[in-house]
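Novice: Pasting a structure below so you can have a look.
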Amino acid sequence: MSLDRFDLTNWRKHPTAKGIEVFFFKSEQQGDYFEQLLIEKGIWYEKDVDTEQDHSRKVMFAVRANDVKHVKPLNNMAIGKYRKRFIPYKGLRIILFVFLLIMITLLIVGLIKA
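Take 7 as the starting number for the sequence shown in this note's numbering and just add one per residue.
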């Protein structure tokens, strides 16, 4: 059984070129920001925008495998800048936080009384 389905990262080894890793982004906005970061750091890359198909790998960047440890933080910055909130509604976040705070308080009180 292949574990490729369970890989949640947005980079893979290039299927044909040795020593190349491919980073891919769903939105052009994320890809443009990632490209800007690569240029600022002076890291070599090749870019490809998939305009033929509408799937999750719209903007792709090929970087040298030697640069991956420098590129991963840039990748995280690009993803983090444009990510959606896990709980989008502020009211719901506050309610959840208060609920968890009450549950933890009850847990501590129960441990002390026991």
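For each residue, glycine too, the CB sits at the ideal point set by N, CA and C.
Just so we're clear, the structure is a prediction, and the values are computed from it rather than from any experiment.
#1: Taking all protein chains shown into account, decide if M109 is buried (16 or more other Cβ within 10 angstroms of its Cβ) or exposed.
#2: Does DSSP put M7 in a helix, a strand or coil?
#3: Indicate whether the contact test is met: 3 or more Cβ pairs, each with one atom in the segment 45 to 52 and one in the segment 83 to 95, closer than 8 Å.
#4: Please state if the CB of V115 and the CB of M66 are separated by a distance shorter than 8 Å.
#5: Please classify D73: does DSSP put it in a helix, a strand, or coil?
#6: Distance check for L107 and W17, CA to CA, integer angstroms please.
#7: Determine the burial state of N81: buried for a count of at least 16 other Cβ atoms within 10 Å of its Cβ, exposed for fewer.
#8: For A84, does the three-state DSSP call read helix, strand or coil?
Specialist: In this structure, then:
#1: By 1-based counting over the sequence shown, the position of residue 109 is 103. Classification for M109: exposed.
#2: Taking the first residue of the sequence shown as position 1, residue 7 is located at position 1. In this prediction, M7 scores a pLDDT of 47, lower than 50, which makes its location untrustworthy; the coordinate-derived value is nonetheless stated afterwards. In this structure, M7 counts as coil in the three-state DSSP scheme.
#3: no
#4: Here residue 66 is taken as the residue at index 60 of the sequence shown, counted from 1. Here residue 115 is taken as the residue at index 109 of the sequence shown, counted from 1. Not closer than 8 Å, so no.
#5: Here residue 73 is taken as the residue at index 67 of the sequence shown, counted from 1. Note: D73 maps to helix in three-state DSSP.
#6: Your numbering for residue 17 matches position 11 in the sequence shown. Your numbering for residue 107 matches position 101 in the sequence shown. Roughly 38 Å between the two C-alpha positions.
#7: In the sequence shown, counting from the first residue as 1, residue 81 sits at position 75. Per the 10 Å Cβ criterion, buried.
#8: Stepping through the sequence shown from its first residue, residue 84 is reached at position 78. Three-state DSSP puts A84 in a helix.
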